[in-house]
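Structure record follows, encoded as structure tokens.
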Amino acid sequence: MSQQPVDVLIIGAGASGAVAAWNLVETRMRIVCLEQGDWVNPSDYPSTGQDWEARSWGEYSVSPNRRGRATDYPVNDTDSPIAVSNFNGVGGGTILYNGHFPRFHPSDFRVKTLDGVADDWPIDYATLAPFYAQNDQMMGIAGLAGDPANPPHFDNDVLMPPLPLGKSASAMARGFNAQGWHWWPSDAAIATQEHDGRAPCINLGACLSGCAQGAKASTDITYWPHAMRQGVELRTRCRVREITLDDAGMANGVWYYDQDGAEQFQQAAVVILATNGVGTPRLMLNSKSERFPNGLANSSGLVGKNLMFHPYAMIRGVFPEALDGHRGPGACIWSQEFYETDLSRGFVRGFTFEMNRGMGPAATAMLGLGHGRIPWGEDFHRMYARLHERVTGMVAICEDLPELHNTVTLDDTLVDSHGIPAPKISYTLSDNSRKMLDYAMARAAEALRAGGATDIMSEAPLGVGGWHLMGTARMGVDPAKSVVNEWGRAHDVKNLFVIDGSIFVTSAGVNPTRTIQALALYITDCMKKRLANLFD
Amino acid sequence: MTNNIASDAPFDAAQKELVAFVAAAMIPADASRNMPAADHPRILRDILQTAVAAELAAICAYVNRLAHNVLGCDFARANFDQKNELANNLAGSNAPEVRGFVSLVVQCYFRDDRVLGALGLEARAPFPKGYDVPTGEWDLLETVKRRQPFYRVVDR
């Protein structure tokens, strides 16, 4: 069955797809977005029930393989120490992120020039700065101006007051001060005042499984309502199988399965991919044709290559006094003391410490059991009591560098519920990343002990920590060395655009969502400016 | 009166007994803290209702395999001391079946009203009431505010 043709077809309604829909709507083009997942009802989020911890590990797990919803697709990540995390639905990964919202640094766009590794980006920080600011307005940012680790970047009319430090962040701040190290209130995509119809944060503490209060900026409640009021059509439970080409080599539409499982063809003049660093290469590799036998727009052979995660270390300290427990958003403060390259540390590039407050009782018990602090049997309760509401800590988000052998390919046998080949991840942790993780764990332990912690528990790499999926359709000016150009258009197919984390050249050492969205604004802005000659 | 039809119950009596024993071996009662054991009827019912049948079947099969290897008999035929020996083996196990079961027991235990109350926590959903979090020690930031910018400046 064939649908009425549209001008712009966006695939994916997550962090970047929502941005593109909103930013292109003023063109008055007919815009349709196909999303394989559903709308999520905030009243269904785990924090609306006393069983919130259990539900956040099950139906709201960050792992699509564990979640196993009909709207998910399976991922073969047995050949990777880091498993993919995502969410398939309107809002995408922003449904389950914690709203920690840093920007890239200017140096992140000049990695080759400054440090002699990887490649420079074809754009720079100054190019993205106005789009960062525009996105901040749409998402709503809490924070504090004046961070010495970052360029000034706040319009005070936009900024909301920072999240509370509470007892947990205060304890960690004491430790970082004792070491003479940087820390600062995190930029957070969490409303601390009413913002664009969203209520302020009330410290539910379960940000990673969806915000029932609506304080956290997921795109289902930020960009999408605005885009839809302006006429964008969003079709849910529509899973795209492949993008098709016409005889001239231009994308002319997609085949997808609708909510009833019926095969549909949607004709489109422009196709925009916004399905994250795994979903996008999967779809491109599934879109084989005579012209592109190795996958759509893949003459460079780089579709699916250079997969970057952020290898995570988790470091937690046990304090003698009660802290915040599970109360309050995880996002609170960060440290970028070790962000910029210092080769005396034994590795190139750096990382951000993202402090993430405490945890609920079940997670505390699992932590203690997993690290040998809580035994089975008669001493269970006494040892649990030593940890109860006394644990806080941080993760280190380490910059990952692109390597050709880290890939997303198509699995030979695994398929989703529509029979579409599933992605297979092959990823090896680099020596540089291993050294960075070890260094981060050692420094975090020092800071926690300086703040009063009496016991430290660490883990790296975090096996469930594949939240950030980047690099698998990289941008660049050379068609032989990149998949899309400096404004997101595929070198090989001039009406195909990619706007998600796939186009990252390097990963930086921060959460990528703010940069993904700024890039989506930048790319769609470029499209608007070139409408008359978009395909030249 | 229960709604459950006996023949439809996903777990048989032997499985329930095994589950109850292992759960209590992991988390026994502690009267001094007013903490129930994980085989308290209400918590055990939650465990059995929450469990995916395959998961519980897996832990039962694992324990029976272990019983055969260690004791030379089924779990059901083991005496009290032998069962405790099995529990010690399970406590040191990193087998996926055991890890899954531990997670299940912990999830159900730490959402029980009595357990939460004994820990000084309100037995309620976080939403819609939310929680108070103290503002914190903002004066700690003064030393950092005095620091000069230290990000790398990059020429365009």
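In order, the protein sequences belong to chains A and B. Count the first sequence with the numbering used here and you get residues 1 to 536, in order. Count the second sequence with the numbering used here and you get residues 1 to 156, in order. Ideal Cβ placement from N, Cα and C applies to all residues, glycine included. No experiment lies behind these values; they were computed from the predicted model shown.
As a quick exercise: from the options, pick the residue whose alpha carbon is nearest that of residue i.
{"i": "residue 440 of chain A", "options": "A:369, A:335, A:418", "result": "A:335"}
{"i": "residue 312 of chain A", "options": "A:429, A:59, A:520", "result": "A:429"}
{"i": "residue 559 of chain A", "options": "A:155, A:123, A:242, A:276", "result": "The shown model of chain A, from 1 to 536, leaves out residue 559 of chain A, and the question about it has no answer."}
{"i": "residue 261 of chain A", "options": "A:269, A:416, A:304", "result": "A:416"}
{"i": "residue 56 of chain A", "options": "A:38, A:87, A:28, A:34", "result": "A:87"}
{"i": "residue 149 of chain A", "options": "A:181, A:365, A:90, A:26", "result": "A:181"}
{"i": "residue 543 of chain A", "options": "A:376, A:349, A:408, A:247", "result": "The structure shown does not extend to residue 543 of chain A, since chain A is modelled only from 1 through 536, so no value can be given for it."}
{"i": "residue 158 of chain A", "options": "A:326, A:196, A:535, A:151", "result": "A:196"}
{"i": "residue 505 of chain A", "options": "A:520, A:483, A:26, A:496", "result": "A:483"}
{"i": "residue 152 of chain A", "options": "A:401, A:50, A:126", "result": "A:126"}
{"i": "residue 495 of chain A", "options": "A:354, A:326, A:252", "result": "A:252"}
{"i": "residue 66 of chain A", "options": "A:50, A:49, A:166, A:84", "result": "A:84"}
{"i": "residue 549 of chain A", "options": "A:525, A:480, A:520, A:466", "result": "It is not possible to answer for residue 549 of chain A, since the shown part of chain A is limited to 1 through 536."}
{"i": "residue 83 of chain B", "options": "B:30, B:22, B:34", "result": "B:22"}
{"i": "residue 255 of chain A", "options": "A:497, A:501, A:36", "result": "A:36"}
{"i": "residue 130 of chain A", "options": "A:527, A:530, A:522", "result": "A:522"}
{"i": "residue 384 of chain A", "options": "A:394, A:369, A:393", "result": "A:369"}
{"i": "residue 379 of chain A", "options": "B:20, B:25, B:14, B:11", "result": "B:25"}
{"i": "residue 138 of chain A", "options": "A:419, A:326, A:22, A:199", "result": "A:22"}
{"i": "residue 99 of chain A", "options": "A:217, A:309, A:314", "result": "A:217"}
{"i": "residue 476 of chain A", "options": "A:469, A:282, A:169, A:490", "result": "A:490"}
{"i": "residue 130 of chain B", "options": "A:389, A:391, A:529, A:329", "result": "A:329"}
Report back the beta-carbon spacing between residue i and residue j to the nearest angstrom; my notes put them in contact at under 8 Å.
{"i": "residue 511 of chain A", "j": "residue 104 of chain A", "result": "Incorrect: roughly 10 Å between the Cβ atoms, too far for contact."}
{"i": "residue 204 of chain B", "j": "residue 18 of chain B", "result": "Nothing about residue 204 of chain B can be read from this structure; chain B reaches only from 1 to 156."}
{"i": "residue 423 of chain A", "j": "residue 81 of chain A", "result": "The pair is not a contact, with the Cβ atoms about 17 Å apart (cut-off 8 Å)."}
{"i": "residue 414 of chain A", "j": "residue 74 of chain A", "result": "6 Å"}
{"i": "residue 458 of chain A", "j": "residue 315 of chain A", "result": "5 Å"}
{"i": "residue 37 of chain B", "j": "residue 29 of chain B", "result": "4 Å"}
Name the DSSP bridge partner or partners of residue i?
{"i": "residue 264 of chain A", "result": "A:256"}
{"i": "residue 245 of chain A", "result": "A:251"}
{"i": "residue 103 of chain B", "result": "Note: residue 103 of chain B sits in no beta bridge, so no partner."}
{"i": "residue 112 of chain A", "result": "None; residue 112 of chain A has no bridge partner."}
{"i": "residue 312 of chain A", "result": "A:397"}
{"i": "residue 76 of chain A", "result": "A:424"}
{"i": "residue 410 of chain A", "result": "A:423"}
{"i": "residue 352 of chain A", "result": "A:397"}
{"i": "residue 512 of chain A", "result": "DSSP, once it has assigned bridges, lists no residue as partnering residue 512 of chain A."}
{"i": "residue 233 of chain A", "result": "A:32"}
{"i": "residue 459 of chain A", "result": "A:314"}
{"i": "residue 198 of chain A", "result": "A:195"}
{"i": "residue 334 of chain A", "result": "A:184, A:354"}
{"i": "residue 528 of chain A", "result": "Its beta-bridge partners do not exist; DSSP assigns none."}
{"i": "residue 271 of chain A", "result": "A:9, A:496"}
{"i": "residue 124 of chain B", "result": "Answer by DSSP bridge pairing: none, since residue 124 of chain B is not bridged."}
{"i": "residue 204 of chain B", "result": "Lying before the first or after the last residue shown, residue 204 of chain B is absent from chain B, which here runs from 1 to 156."}
{"i": "residue 100 of chain A", "result": "A:188"}
{"i": "residue 84 of chain A", "result": "A:466"}
{"i": "residue 392 of chain A", "result": "A:317"}
Step through the CB atoms of chain D and report whether any lies within less than 8 Å of the CB of residue i.
{"i": "residue 183 of chain A", "result": "Absent here is chain D; the protein component of the structure consists of chains A and B."}
Exercise. Counting pairs of beta carbons, one from the region 139-146 of chain A and one from the region 181-191 of chain A, are three or more of them closer than 8 Å?
Worked result: The region 139-146 of chain A is in contact with the region 181-191 of chain A.
Problem set entry | Residues from the region 209-235 of chain A in contact with chain B, defined by Cβ distance under 7 Å | Residues passing the 7 Å Cβ filter: 212, 213.
Problem set entry | the region 287-296 of chain A in contact with the region 509-525 of chain A per 3-pair CB rule at 8 Å | Contact between the region 287-296 of chain A and the region 509-525 of chain A is absent, because fewer than three Cβ pairs lie under 8 Å.
Problem set entry | contact_flag[the region 439-454 of chain A, the region 306-321 of chain A] where n(CB pairs < 8 Å) is 3 or more | Cβ pair count under 8 Å is three or more, so yes.
Problem set entry | Three CB pairs or more closer than 8 Å across the region 198-212 of chain A and the region 44-58 of chain A | Result yes; three or more Cβ-Cβ pairs closer than 8 Å.
Problem set entry | Contact list for the region 158-169 of chain A against chain B, Cβ threshold 7 Å | Residues passing the 7 Å Cβ filter: 164, 165, 166, 167, 169.
Exercise. Using Cβ-Cβ distances below 8 Å, what residues of the region 386-413 of chain A are close to chain B?
Worked result: Hits within the stretch, in order: 388.
Exercise. Which residues, in chain order, does the region 49-64 of chain B contribute to contact with chain A at a C-beta distance below 8 Å?
Worked result: Within the region 49-64 of chain B, the residues whose Cβ lies closer than 8 Å to some Cβ of chain A are 50, listed in chain order.
Exercise. For the region 188-205 of chain A, which residues have a CB atom closer than 7 Å to at least one CB atom of chain B, in sequence order?
Worked result: Listed by position, the residues of the region 188-205 of chain A near chain B (Cβ gap below 7 Å) are 202, 203, 204, 205.
For this session: Assess, as a yes-or-no matter, whether the region 342-353 of chain A is touched by the region 430-438 of chain A under the definition of 3 or more beta carbon pairs within less than 8 Å.
Result: Yes, since at least three Cβ pairs between the region 430-438 of chain A and the region 342-353 of chain A fall closer than 8 Å, the two stretches touch.
Exercise. Is it a yes or a no for the region 215-234 of chain A touching the region 139-147 of chain B, going by three-plus beta-carbon pairs under 8 Å?
Worked result: Fewer than three beta-carbon pairs drawn from the region 215-234 of chain A and the region 139-147 of chain B are found closer than 8 Å, and the two stretches are therefore not classed as touching.
Exercise. Are the region 106-119 of chain A and the region 358-370 of chain A touching by the rule of at least three beta carbon pairs closer than 8 Å?
Worked result: Flag = no, the region 106-119 of chain A and the region 358-370 of chain A do not touch.
Exercise. Contact between the region 102-112 of chain B and the region 37-54 of chain B: three or more CB pairs below 8 Å?
Worked result: Between the region 102-112 of chain B and the region 37-54 of chain B, the count of C-beta pairs closer than 8 Å reaches three or more; the two stretches touch.
Problem set entry | contact_flag[the region 116-125 of chain A, the region 114-123 of chain B] where n(CB pairs < 8 Å) is 3 or more | Taking 8 Å as the limit for Cβ pairs, the verdict is that the region 114-123 of chain B does not touch the region 116-125 of chain A.
For this session: Output, in sequence order along the chain, the residues in the region 315-342 of chain A whose CB is closer than 7 Å to any CB in chain B.
Result: Those residues of the region 315-342 of chain A placed with their C-beta closer than 7 Å to a C-beta in chain B are 324, 327, 328, 340, ordered along the chain.
For this session: Could you tell me whether the region 3-11 of chain A touches the region 23-33 of chain A, using the rule of 3 or more Cβ pairs below 8 Å?
Result: Yes, they touch.
Problem set entry | the region 373-392 of chain A contacting the region 243-250 of chain A, beta-carbon criterion three pairs below 8 Å | Fewer than three beta-carbon pairs drawn from the region 373-392 of chain A and the region 243-250 of chain A are found closer than 8 Å, and the two stretches are therefore not classed as touching.
For this session: Below 8 Å between beta carbons is the criterion; list the residues of the region 31-62 of chain A that meet it against any residue of chain B, in chain order.
Result: Under the 8 Å Cβ criterion, the region 31-62 of chain A contributes 45, 47, 48, 49, 50, 51, 52, 53, 54, 57.
Problem set entry | Residues within the region 129-150 of chain A neighbouring chain B, beta-carbon criterion of under 7 Å | Per Cβ criterion, the list reads 146, 148, 149, 150.
Exercise. Relative to chain B, which residues along the region 365-383 of chain A have a C-beta separation below 9 Å, given in chain order?
Worked result: Correct list: 365, 366, 369, 370, 375, 376, 377, 378, 380, 381, 382.
For this session: Can you give me, in chain order, the residues of the region 23-39 of chain B that have a beta carbon less than 7 Å from any beta carbon in chain A?
Result: 25, 26, 27, 28, 30, 33, 35: these are the residues of the region 23-39 of chain B whose beta carbon lies less than 7 Å from some beta carbon of chain A, given in chain order.
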